[in-house]
Amino acid sequence: MKIEGIYQIHAPRERVFNAIIDPEVLQRCIPGCESLERTGEDEYAAIMKAGVGPVKGTFKGNVHLREMRPPEHYELSVNGKGGPGFVKGAAIFDLEQVDASTMIKYSGEMQVGGIIAGVGQRMIEAAAKMTAGKFFAGLERELGGWADPQLPISTP
Amino acid sequence: MIPAQFDYARANTLDEALNLLAQNEDAKILAGGHSLIPAMKLRLTQPPLLVDIGRIKDLSYIREEDGQIRIGAMTTHYQIESSDLLKAICPLLPECASHIGDMQVRNKGTIGGSLAHSDPAADWPAAILALNAELVAVSKNGERTIKADNFFVDLLTTALEPGEILREIRLNKNGTHQAYVKMPHPASGFAVVGVAANLIVNGSNECQSASIGITGVSSKAYRASAVESALNGASLNEGTIQGAAAHATDGEDVNGDLFASADYRRHLAEVFTRRAIQAAAIGAAK
């Protein structure tokens, strides 16, 4: 499935770019991320307690960063496995400075398998959007310092 | 699959239930169990402790009190479906109940359990929103009343705090220009789209106010406020109803899945909103 959207962070582009490739910032912003450790050049191992409502599970995975062109572009691929199923995905991020803010345009493909893909298929898109929203809201809190982070501006 | 190992405790009073919940932050309330147990059997959820509130006295009732309709959280869907009182004074509730799951589910499932679970395609949330109901939650700190408009927060997430138990659903008596229509998924029966319409219509067939609750479309049930604005003060005819229904998904993030793409769901929402308003406009208890 495709996930796409644009999110506004109230901080300059360089700060935003440096934040989203910093494992310590990411660990604080990714919902349920318990640990994010560097395992190599642009590679990280993650343990996430992910879930929505009563549906929860622990996922172990790796994240790979690619095509880094600071401060405007980078790509990541992620691979995670846990009790409720597995997730495989890749996403492209483009950052644009608009006045004092950064517009992050993201576009990704995600594959979900296992039990959540079977019985939970009807909720996967909503869960993915919710997780992305929480991540960007977390990033806004880290960087923007605004009391009310904006909701995503557009998600098709 | 069978559930992961869990402990079971039966509470005899609400206080006991609250204390048991406080002892274990991952404990789950067991009401009718027809959303919870299937998820446990698939190991999608693995609560270490189930707190069974099924034997607590006076949590299951349907009554008129202080000018309101009050329904206990443990009232089953079947009890609501078959209530002569509700068929007379709030037909939306029995009509909505009749669409839930199947007979076996309706005999065990409870309105409180369904609302606390807040499945994005459940039927109750649409009706509760359309009826402007209030939900009474009890915790160790006392009781509070949550308006339906504030109750459904996100996917499978309500305004209930950890350690809170939903005790009662309350609503003011509305008219009887009400209807619930639904497009069920052919296998699961969940609402691909479900629309609850609650209208106040005067003698000249003018809509004085409208409340429309929609489920199955987004990550949670919502009030179709754009549809409501279009209906308020309008004379109810095919043209005005069609025009209002066209706004069914305005401003909403429409869900897509293997059965129905977002575009198809948007179209279904319009069609079923139109049908719900038409059915409600005819009005009167069935």
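Chains E and U, in that order, give the protein sequences.
Residue 197 is where the first sequence ends in my numbering, and the numbering goes up by one at each step.
Residue 356 is where the second sequence ends in my numbering, and the numbering goes up by one at each step.
In this text, a Cβ means the ideal position worked out from N, Cα and C, and glycines have one as well.
Check	Outcome
Is it right to say U/N268 is buried, meaning 16 or more other beta carbons lie within 10 angstroms of its own, or is it exposed?	buried
Could you tell me whether the segment 221–235 of chain U touches the segment 273–292 of chain U, where touching means 3 or more Cβ pairs closer than 8 Å?	yes
Kindly confirm or deny that the segment 327–336 of chain U and the segment 293–312 of chain U touch, where touching means at least three C-beta pairs closer than 8 Å.	no
Tell whether a beta-carbon distance below 8 Å holds between U/L156 and U/I132.	yes
For U/K356, which residues of its own chain have a beta-carbon under 8 Å away from its beta-carbon, when the five flanking residues on both sides are left out?	The pLDDT assigned to U/K356 is 35, lower than 50, so where the model puts this residue is not dependable; a value taken from the coordinates is nonetheless given after this. Hits under 8 Å: K157, P161, E165.
Is there a C-beta anywhere in chain E that falls below 8 Å from the one on U/T115?	yes
Leaving out five residues on either side along the sequence, give the residues of the same chain with a beta carbon under 8 Å from the beta carbon of E/G149.	K43, I44, E45, G130, A131, A132, I133
What did DSSP end up calling E/G126 once you bin it into helix, strand or coil?	strand
State yes or no: is the beta carbon of E/M164 nearer than 8 Å to at least one beta carbon in chain U?	yes
For E/L180 and E/I62, I'd like the C-alpha separation in whole angstroms.	12 Å
I need the straight-line Cα distance from U/R214 to E/Q138, nearest angstrom please.	45 Å
Using the DSSP secondary-structure output, state which residues sit across from E/T99 in a beta bridge.	E/K90
Output, in chain order, the set of chain E residues within a Cβ distance shorter than 7 Å of U/L357.	For chain U, the structure presents residues 71 to 356; residue 357 of chain U sits outside this window and is missing.
Is the beta carbon of U/V208 less than 8 Å from the beta carbon of U/I235?	yes
So, is the C-beta of E/G94 closer than 8 Å to a C-beta in chain A?	Among the chains of the structure shown, chain A does not appear; the protein chains present are E and U.
Taking 8 Å as the threshold (beta carbon to beta carbon), is U/T365 in contact with chain E?	No statement about residue 365 of chain U is possible, as the shown extent of chain U runs from 71 to 356 and does not include it.
For U/R80 versus U/D122, is the C-beta distance shorter than 8 Å?	yes
Evaluate contact between the segment 268–285 of chain U and the segment 241–251 of chain U, counting only Cβ atoms and requiring at least three cross-stretch pairs below 8 Å.	yes
Let me know the secondary structure DSSP gives E/D63 once reduced to three states.	coil
Select from E/E113, E/V160, E/K175 the residue whose C-alpha is nearest the C-alpha of E/N59.	E/E113
I want to verify the contact list: residues of chain U whose CB lies under 9 Å from the CB of E/A60, in sequence order.	The premise fails here: E/A60 is roughly 25 Å from chain U at the closest Cβ pair, so nothing lies under 9 Å.
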